[in-house]
């Protein structure tokens, strides 16, 4: 178990030598009161930026584990799992955590389980990543209140599963299988596969629209995004977006989808009404995941860089202006992004450093850093 690194800056606290001034005029008292009020306000602001509750989970791909950060207690627990997990997803209302990856025994056979923390971003997101061609994958289902026990279900999915999402009701899970260009559809109550959907080449990150009608899937190798109808479970459209799309992210109103273009150092913006790319925004090196704040003002993009030269930044895109308004330094190999339900905090997994950075949206700065398992990739938030 690892403890939180609680080192962060605090406002300076002024001291007043009462004995040096015998006479206190009303003006001095007013100045003193104002100064104290200012100090109290500053202290409250720092507390507001750092005090939070809930849990953050990471998929520790290089340690075959899932880490859980208890934000209120400032404590990290690491749970071994039976896969080399690349992605995790909390399922609201069901108190479940989903994780996908290659089974540990199979990963060991193909030499992936012992991968170095600084694996190149390209190897992790295309070009035979996730252990090479042909390996089967698994979805594991864990109860949030009983993470130390065996999963409640382990379900065979397709080859080299990359990401997993669940619908709003927590009834179905959708797994992108990078190795065989499909999505696996899983009935979570029954714990069984109920469908398979074809996609573009090397499907990776995916997200469901806020209204639950469609799923957008980033296809790394053919530079496209697949659009899946969530009712018919069919691919209805495929959009060309640019080089090496890795992940997608909706704005809360569903009007736009942001797509990270790893090999262009840009993010493409799709208008969901026209299903066309309307803009490309320059960000940091090798952007991987992104997430929009609940108010729709900002999109946070993690820039991973490469194994030889990892990036350690997050680009903050102003949605209205369509430009990067802030670049925040996090940890080496910034990879996964999630946002607290209230929109106050952003959490970023740093794959090379083995840490999670907590960013305050109010101050646009890192306020806490947590040590988690090795090679944290996917990341998800659970409100408390």
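Residue numbers (UniProt numbering): 1 to 384.
All residues carry an ideal CB built from backbone N, CA and C; glycine is no exception.
Given that a residue counts as buried once 16 or more other Cβ atoms are within 10 Å of its Cβ, and exposed if not, what is residue i?
{"i": "residue 278", "result": "exposed"}
{"i": "residue 149", "result": "exposed"}
{"i": "residue 313", "result": "buried"}
{"i": "residue 217", "result": "buried"}
{"i": "residue 53", "result": "exposed"}
{"i": "residue 273", "result": "exposed"}
{"i": "residue 329", "result": "exposed"}
{"i": "residue 236", "result": "exposed"}
Check for me: the beta strand (DSSP E) holding residue i runs from which residue to which?
{"i": "residue 287", "result": "287-292"}
{"i": "residue 101", "result": "96-103"}
{"i": "residue 202", "result": "Here residue 202 belongs to no beta strand (DSSP E), and DSSP marks it neither H nor E."}
{"i": "residue 359", "result": "355-360"}
{"i": "residue 341", "result": "Where residue 341 is concerned, there is no enclosing beta strand (DSSP E), given that its DSSP letter is neither H nor E."}
{"i": "residue 267", "result": "266-271"}
{"i": "residue 227", "result": "224-229"}
{"i": "residue 411", "result": "This structure cannot settle anything about residue 411, because the visible part of the chain is limited to 1 through 384."}
{"i": "residue 142", "result": "136-143"}
{"i": "residue 157", "result": "153-159"}
Can you list, in chain order, the residues of its chain whose CB lies under 6 Å from that of residue i, leaving out five sequence neighbours each side?
{"i": "residue 333", "result": "304, 310, 350, 351 and 352"}
{"i": "residue 284", "result": "303, 311, 313 and 315"}
{"i": "residue 87", "result": "59, 100, 163, 164 and 378"}
{"i": "residue 247", "result": "205, 218, 260 and 289"}
State the Cα-Cα distance for the pair residue i and residue j, rounded to the nearest angstrom.
{"i": "residue 169", "j": "residue 322", "result": "32 Å"}
{"i": "residue 144", "j": "residue 384", "result": "12 Å"}
{"i": "residue 376", "j": "residue 66", "result": "9 Å"}
{"i": "residue 292", "j": "residue 256", "result": "10 Å"}
{"i": "residue 275", "j": "residue 347", "result": "29 Å"}
{"i": "residue 331", "j": "residue 359", "result": "12 Å"}
{"i": "residue 85", "j": "residue 243", "result": "25 Å"}
{"i": "residue 378", "j": "residue 336", "result": "5 Å"}
{"i": "residue 103", "j": "residue 136", "result": "8 Å"}
{"i": "residue 154", "j": "residue 189", "result": "13 Å"}
{"i": "residue 266", "j": "residue 215", "result": "22 Å"}
{"i": "residue 152", "j": "residue 95", "result": "12 Å"}
Suppose the cutoff is 7 Å on Cβ atoms and the five residues either side in sequence are ignored; what does the same chain contact list for residue i look like?
{"i": "residue 80", "result": "64 and 65"}
{"i": "residue 111", "result": "Note that residue 111 scores 45 on pLDDT, short of 50, meaning its location in the model is unreliable; the coordinates nonetheless yield the value given after this. Result list for residue 111: empty, nothing under 7 Å."}
Tell me which residues share the same chain as residue i and place their Cβ nearer than 8 Å to its Cβ, disregarding the 5 neighbours each side in the sequence.
{"i": "residue 147", "result": "66, 68, 77, 79 and 97"}
{"i": "residue 177", "result": "137, 157, 158, 159, 160, 161, 162, 183, 184 and 203"}
For the ligand GTP, is there any heavy atom lying closer than 7 Å to the beta carbon of residue i?
{"i": "residue 167", "result": "The ligand GTP is absent from the structure shown, which contains no ligand whatsoever."}
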